[in-house]
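Heads up: the structure comes next, in structure tokens.
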Amino acid sequence: SNSDYYKQLTTIHDFSQIHNLRLDRLSSPRFHPINGKTIIYLRKQYHMPDLNGSSTTLHWIDLETNKTVQLTRPIWGINDQQFYWIDSKTILFLSNRAESSLNQIFQLNLPDDVSAIGNFLDPIQITNYPLDIDNLVVNRQA
Numbered sequence: 001s002n003s004d005y006y007k008q009l010t011t012i013h014d015f016s017q018i019h020n021l022r023l024d025r026l027s028s029p030r031f032h033p034i035n036g037k038t039i040i041y042l043r044k045q046y047h048m049p050d051l052n053g054s055s056t057t058l059h060w061i062d063l064e065t066n067k068t069v070q071l072t073r074p075i076w077g078i079n080d081q082q083f084y085w086i087d088s089k090t091i092l093f094l095s096n097r098a099e100s101s102l103n104q105i106f107q108l109n110l111p112d113d114v115s116a117i118g119n120f121l122d123p124i125q126i127t128n129y130p131l132d133i134d135n136l137v138v139n140r141q142a
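Here it is, written out as structure tokens:
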């Protein structure tokens, strides 16, 4: 993992492009649609040590306690993306985690206490089209 790599470094050295590639990327933060006290965001991790693969997963943070929870299981080559809060407990997102490896729509059902999640949530696959879904646009009133 990235943290294991940095823990094994014992001397001071210049920050290089390789180090930049090893850094996780956080993106697309979205506030809870009702209380605004929690955020879901994407985290992209790069495969160690060869940097030939990556995984993007959904994460949750409570802004009052700073408690974080990784919602989806990291699998190298699988990238969760374009997520939307449908309501306070339902997330829709695109992912290539379908058996076909094509981008499909998935749903996460959040428990009442997300901070108590001990393991990853199992997403429910909503679509199974023979082509990638490129964009997810949600109308909450529909």
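Going by full-length UniProt numbering, the letters in the sequence shown line up with residues 1 to 142, in that order. Cβ atoms here follow ideal geometry from the backbone N, Cα and C, with glycine treated the same way. Predicted, not measured: the structure shown is a model, and the values here were computed from it.
DSSP-derived helix/strand/coil call for Val69: Residue numbering aside, residue 69 sits at position 69 when the sequence shown is read from its first letter. DSSP places Val69 in strand when its eight states are reduced to three.
field: Reduced DSSP category for Gln141 - H, G, I as helix; E, B as strand; rest coil
entry: Counted from its first residue, the sequence shown places residue 141 at position 141. DSSP places Gln141 in coil when its eight states are reduced to three.
task: Please classify Ala116: is it buried, with 16 or more other beta-carbons within 10 angstroms of its beta-carbon, or exposed?
output: Locating residue 116 in the sequence shown gives position 116, where the first residue counts as 1. The residue is exposed, with fewer than 16 neighbouring Cβ atoms inside 10 Å.
task: With a threshold of 16 other CB atoms inside 10 Å of the CB of Ser95, please say whether the residue is buried or exposed.
output: Residue numbering aside, residue 95 sits at position 95 when the sequence shown is read from its first letter. Flag for Ser95 reads buried.
- prompt: At what residues does the beta strand (DSSP E) containing Leu109 begin and finish?
  reply: In the sequence shown, counting from the first residue as 1, residue 109 sits at position 109. Contrary to the premise, residue 109 reads as Asn rather than Leu in this sequence. Annotation: the continuous beta strand (DSSP E) that includes Asn109 extends over 104-109.
Beta-carbon proximity of Trp60 to Val69, cut-off 8 Å: As a working note, residue 60 is residue 60 in the sequence shown. As a working note, residue 69 is residue 69 in the sequence shown. Yes, the pair counts as a contact, with Cβ atoms nearer than the cut-off.
- prompt: How about Lys7 and Asp24: do their beta carbons lie closer than 8 Å?
  reply: Position 7 of the sequence shown, counted from the start, is the residue given in the question as residue 7. Position 24 of the sequence shown, counted from the start, is the residue given in the question as residue 24. No, these two residues do not count as a Cβ contact at 8 Å.
- request: Would you mind giving the Cβ-Cβ distance between Val138 and Ile91, rounded to the nearest angstrom? I have them listed as a contact below 8 Å.
  value: If you number the sequence shown from 1, residue 138 lands on position 138. If you number the sequence shown from 1, residue 91 lands on position 91. Not really, about 10 Å apart at Cβ, beyond 8 Å.
field: DSSP-derived helix/strand/coil call for Ile34
entry: Translated into the one-based positions of the sequence shown, residue 34 becomes position 34. Of the three classes helix, strand and coil, the one that applies to Ile34 here is coil, per DSSP.
message: Tell me the DSSP secondary structure of Ile18 in three-state form.
response: Counting from one through the sequence shown, the residue named residue 18 turns up at place 18. In the structure shown, Ile18 sits in a helix (DSSP, three-state: H, G or I).
- prompt: Going by Cα to Cα distance, which pick from Gln81, Leu9, Leu121 is closest to Thr56?
  reply: By 1-based counting over the sequence shown, the position of residue 56 is 56. Minimum Cα distance to Thr56 is reached at Gln81.
message: Restricting to Cα atoms, I'd like to know which of Ser88, Thr72, Glu99 is closest to Pro130.
response: Within the sequence shown, numbered from 1, the residue matching residue 130 stands at position 130. The candidate whose alpha carbon is nearest that of Pro130 is Glu99.
message: If you measure between the beta carbons of Ile124 and Gln107, is that distance less than 8 Å?
response: The residue you call residue 124 lines up with position 124 of the sequence shown. The residue you call residue 107 lines up with position 107 of the sequence shown. Here Ile124 is near Gln107, since their CB atoms are less than 8 Å apart.
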